[in-house]
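In the working numbering, the protein residues as written are 3 to 145.
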Amino acid sequence: MPLIFRRRPTAKLTEVVFSREIIEGLFCLAKDNHPREIFLLLRGRVRGCSVYVDELVYPVNTIFGLGFSGFQLHTLPLDPSIIGSVHSHPSGSSSPSTQDLHNFYGIVMVILAYPYTLASTSAYDKSGNSLMVRVINSLEFRA
Numbered sequence: 003m004p005l006i007f008r009r010r011p012t013a014k015l016t017e018v019v020f021s022r023e024i025i026e027g028l029f030c031l032a033k034d035n036h037p038r039e040i041f042l043l044l045r046g047r048v049r050g051c052s053v054y055v056d057e058l059v060y061p062v063n064t065i066f067g068l069g070f071s072g073f074q075l076h077t078l079p080l081d082p083s084i085i086g087s088v089h090s091h092p093s094g095s096s097s098p099s100t101q102d103l104h105n106f107y108g109i110v111m112v113i114l115a116y117p118y119t120l121a122s123t124s125a126y127d128k129s130g131n132s133l134m135v136r137v138i139n140s141l142e143f144r145a
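1) Can you tell me where the beta strand (DSSP E) holding residue 91 begins and where it ends?
2) Taking DSSP's pairing of strands, which residues face residue 96 in a bridge?
3) What I want to know is whether the C-beta of residue 113 ends up closer than 7 Å to one or more non-hydrogen atoms of the ligand HEM.
4) Tell me whether residue 129 sits in a helix, a strand or coil according to DSSP, three-state version.
5) Go ahead and label residue 86 buried or exposed: buried means 16 or more other beta carbons lie within 10 angstroms of its beta carbon, across all protein chains shown.
6) Which of the three DSSP states, helix, strand or coil, is assigned to residue 39?
7) Give a yes or no on whether the C-beta atoms belonging to residue 18 and residue 125 are separated by under 8 Å.
8) Find out if the Cβ-Cβ distance for the pair residue 94, residue 121 is shorter than 8 Å.
9) Is residue 56 helix, strand or coil by DSSP?
10) So, is residue 135 buried or exposed, given that buried needs 16 or more other C-beta atoms within 10 angstroms?
11) Compute the Euclidean distance between the alpha carbons of residue 89 and residue 22, then round it to the nearest angstrom.
12) What did DSSP end up calling residue 121 once you bin it into helix, strand or coil?
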C-alpha cells in the first residue's frame, strides 16, 4: 500500500487537556446561553495519549437552541487541526446521547453539563469511552 494511504498507529486516548482560560470561557458561554445548548469545535493536537485543546472554533450559522444545537455539516471547515467538538447539556446529564454519538465530529467530544463546572464536564472518544478532563495553567499548556 502506498505510504500516503497508510494509517499512523495511534495510542489509545486517555485524556483531554484544557488551559484554564479556555475551559473557564466555555463555562461562561454555557452559563450565558442557558437553557440553550451551545456547540463549538475544538482545535488542538494529540501528544501521546493526550488531546490538547488549543483554540475554540465557532462554526458558521450555528444555532444555540432549546434542547439542541444546530449547524450545517457542509459549513464545517476541512481543517486537520480540528480534533473534536464541545457542546452543553442544560439538562444536567453529562452522558452522550445516541444522537451525540451518531453526529460525532473529530476524535473527541466534550460535554458541559449544567451547572457547567469541571465536576460536571465529561469527554468521550469516538467509541463512547470516557476520557479524563484535565485543566492546566497556560504556561504548562504551551510547552
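We put the beta carbon where it would ideally sit given N, CA and C, even for glycine.
Values in this document were obtained by computation on a predicted structure and should not be read as measured data.
Inspection of the coordinates gives the following:
1) 84 to 91
2) Note: residue 96 sits in no beta bridge, so no partner.
3) The ligand HEM is not part of the structure shown, which contains no ligands of any sort.
4) coil
5) buried
6) coil
7) yes
8) No, these two residues do not count as a Cβ contact at 8 Å.
9) strand
10) Residue environment analysis places residue 135 among the buried positions, since at least 16 neighbouring C-beta atoms fall within 10 angstroms of its C-beta.
11) The C-alpha of residue 22 is placed about 18 Å away from the C-alpha of residue 89.
12) Correct three-state label for residue 121: helix.
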